[in-house]
Amino acid sequence: MHNDLSLLDPIARQQSDTMVLDALTRYVAQPGTRVGEKLPPESILAEGLAVSRNTVREALKFR
């Protein structure tokens, strides 16, 4: 078994974060969304986007 972690590609995760952020941006920009309205729980967002809760959390962090 190879233990060289430098062979792993972290870009895929970064792209997932960006894709989730883009999807959430489109979600809140929908007509009828009110200012100050809460997002659904991260577990619901993760399920709807088919990603982990951690990916949702990372996408919501300010960059």
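With UniProt numbering applied, the sequence shown covers 1 to 63.
Note that CB positions come from ideal geometry on N, CA and C, so glycine has one too.
These numbers were taken from a predicted model, which means no experiment stands behind them.
- For SER43, the enclosing alpha helix (DSSP H) begins and ends at 42 to 49.
- THR18 carries a helical assignment under DSSP once its states are collapsed to helix, strand and coil.
- Residues GLU42 of the same chain have their beta carbon placed closer than 8 Å to that of ARG57, with the five preceding and five following residues left out of the count.
- For GLU37, no alpha helix (DSSP H) segment is defined, and its DSSP state is neither H nor E.
- Taking a C-beta distance under 8 Å as the contact criterion, ALA50 and VAL20 do not qualify as a contact pair.
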